[in-house]
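Participant:
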Amino acid sequence: MKRTVLLAAAALVASAAVVMTAGAAPQATPGVTARTILLEGTFPLSGTASLYAPIPAGMGAYFSYANAHRLLSRQIIWKYSDDGYNPANTVQVTHQEVEQDHAFALVGGLGTEPQTAVRSYLNQQKVPQLFVSTGATTFDRDFAQYPWTLVTRPKVCTSHGPPGAPGRMYSAKSAPKTTPPSEPVPPITTPTRRRIDKSIGNVSGLTYALPTA
Numbered sequence: 002m003k004r005t006v007l008l009a010a011a012a013l014v015a016s017a018a019v020v021m022t023a024g025a026a027p028q029a030t031p032g033v034t035a036r037t038i039l040l041e042g043t044f045p046l047s048g049t050a051s052l053y054a055p056i057p058a059g060m061g062a063y064f065s066y067a068n069a070h071r072l073l074s075r076q077i078i079w080k081y082s083d084d085g086y087n088p089a090n091t092v093q094v095t096h097q098e099v100e101q102d103h104a105f106a107l108v109g110g111l112g113t114e115p116q117t118a119v120r121s122y123l124n125q126q127k128v129p130q131l132f133v134s135t136g137a138t139t140f141d142r143d144f145a146q147y148p149w150t151l152v153t154r155p156k157v158c159t160s161h162g163p164p165g166a167p168g169r170m171y172s173a174k175s176a177p178k179t180t181p182p183s184e185p186v187p188p189i190t191t192p193t194r195r196r197i198d199k200s201i202g203n204v205s206g207l208t209y210a211l212p213t214a
């Protein structure tokens with residue numbers, strides 16, 4: 002399953018690059034050449050959340066597999082940086098990835114606070130913020146305001162008991178009927194967020210077209 006998701010992610014990003022460059026002006030698309038596409042991300046390689054450090058290494062391993070077996074039309078160059086799960090660090094590193102490295106997209110960024118801290122900036126720059134690893138409902142709920150952001154993890158809602166009692170966390174799918182999500186969950190097929198584009202084609206049952214410039 003993880004292998005399928007990673008392949009779908011890689012194919013979607015590569016396909017998105019094709020869609021963006023197809024109708025683009027003569028100037029080059031940042032991070033994209035005729036043979037390569039540069040993807041970057043921020044992850045907590047150190048600090049209290051460093052248990053997630055194997056994630057980008059695993060992504061890199063599969064991107065290497067995809068490159069070796071020529072699964073995509075472009076070779077993926079994958080780079081990632083440590084933000085220590087600190088939003089201030091995420092902002093600094095993200096600016097570097099966009100303004101100095103000229104990454105085509107930031108992929109798999111982890112953490113609600115770190116990714117929220119750079120969401121507005123990335124959307125202003127029209128740099129894809131893809132497959133954000135967070136269960137916060139804002140990343141789906143606010144899709145119209147941030148069309149360049151795509152979340153991958155299930156949404157999460159919280160059920161609060163009596164005052165002083167600890168809350169209990171559920172996924173949006175498993176939440177009991179007596180404690181429904183406090184916020185509406187938009188359908189996965191929301192046109193503004195996931196537009197079916199025949200020029201991209203279907204990849205493992207998933208389609209996603211980036212908004213036009």
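Residue numbers for the sequence shown follow our numbering, beginning at 2 and rising by one. Built from N, CA and C at the ideal position, the CB exists for glycine as well. Model, not experiment: these values are computed from the prediction.
1) In angstroms, rounded to a whole number, what distance separates the CA positions of residue 65 and residue 77?
2) To test your reading of the DSSP string, which unbroken alpha helix (DSSP H) runs of 4 or more residues are found completely within the region 80–109?
3) Taking only three categories from DSSP, how would you classify residue 30?
4) Tell me whether residue 134 sits in a helix, a strand or coil according to DSSP, three-state version.
5) Residues in its own chain within less than 6 Å of residue 220 by CB, not counting five upstream and five downstream?
6) Measuring alpha carbon to alpha carbon, tell me which of 111, 34, 124 ends up nearest residue 215.
7) With DSSP collapsed to three states, give me the class of residue 76.
8) Give the secondary structure of residue 42 by DSSP, where H, G and I count as helix, E and B as strand, and everything else as coil.
9) Does residue 75 pass the burial test, meaning 16 or more other C-beta atoms within 10 Å, or should it be called exposed?
10) Return the bridge partner residues of residue 111 from the DSSP annotation.
11) Can you look up residue 117 in the DSSP assignment and give me helix, strand or coil?
12) Cα-Cα, which of 120, 70, 94, 127 is closest to residue 133?
13) Is residue 100 near residue 41, with beta carbons less than 8 Å apart?
14) Which residues share a DSSP beta bridge with residue 150?
15) Per DSSP, what kind of secondary structure is residue 139 in: helix, strand or coil?
16) With C-beta atoms as the reference, is residue 83 less than 8 Å away from residue 39?
17) For the alpha helix (DSSP H) that residue 59 lies in, which residues bound it at each end?
18) What number of angstroms, rounded off, separates the C-alpha of residue 44 from the C-alpha of residue 51?
Facilitator: With the structure as the only source:
1) Here residue 65 refers to the residue found at position 64 of the sequence shown. Here residue 77 refers to the residue found at position 76 of the sequence shown. Using only the alpha carbons, I get a separation of about 8 Å.
2) 88–100
3) In the sequence shown, residue 30 corresponds to position 29, counting from 1. Residue 30 sits in coil when the DSSP states are folded into three classes, being neither helix nor strand.
4) As a first step, residue 134 is located in the sequence shown; it is residue number 133 there, counting from the start. Note: residue 134 maps to strand in three-state DSSP.
5) Residue 220 lies beyond the range of the chain shown here (2 to 214); nothing can be said about it.
6) Any property of residue 215 remains undetermined from this structure, which presents the chain solely from 2 to 214.
7) Here residue 76 corresponds to residue number 75 of the sequence shown, with the count starting at 1. Here residue 76 sits in strand by DSSP.
8) In the sequence shown, residue 42 corresponds to position 41, counting from 1. If DSSP states are grouped into helix, strand and coil, residue 42 belongs with the strands.
9) Reading the sequence shown from its first residue, position 74 is the one you call residue 75. Buried, since its Cβ has 16 or more Cβ neighbours within 10 Å.
10) For the purposes of this step, residue 111 is taken as residue 110 along the sequence shown, with counting starting at 1. Bridge partners of residue 111: 134.
11) Position 116 of the sequence shown, counting from 1, holds the residue named residue 117. Helix.
12) Taking the first residue of the sequence shown as position 1, residue 133 is located at position 132. The option with the nearest alpha carbon to residue 133 is 120.
13) The sequence position of residue 100 within the sequence shown is 99, counting from 1. The sequence position of residue 41 within the sequence shown is 40, counting from 1. Not in contact: residue 100 and residue 41 (Cβ atoms no closer than 8 Å).
14) Indexing the sequence shown from 1 puts residue 150 at position 149. Looking at the DSSP output, residue 150 shares a beta bridge with 130.
15) Walking along the sequence shown from the start, residue 139 turns up at place 138. Here residue 139 sits in helix by DSSP.
16) Here residue 83 is taken as the residue at index 82 of the sequence shown, counted from 1. Here residue 39 is taken as the residue at index 38 of the sequence shown, counted from 1. No, Cβ-Cβ distance for residue 83 and residue 39 is not below 8 Å.
17) Against the sequence shown, residue 59 aligns to sequence position 58. Membership of residue 59 in the alpha helix (DSSP H) is indicated by the continuous run 55–69.
18) On the sequence shown, residue 44 is found 43 positions in, with the first residue counted as 1. On the sequence shown, residue 51 is found 50 positions in, with the first residue counted as 1. One C-alpha to the other measures close to 8 Å.
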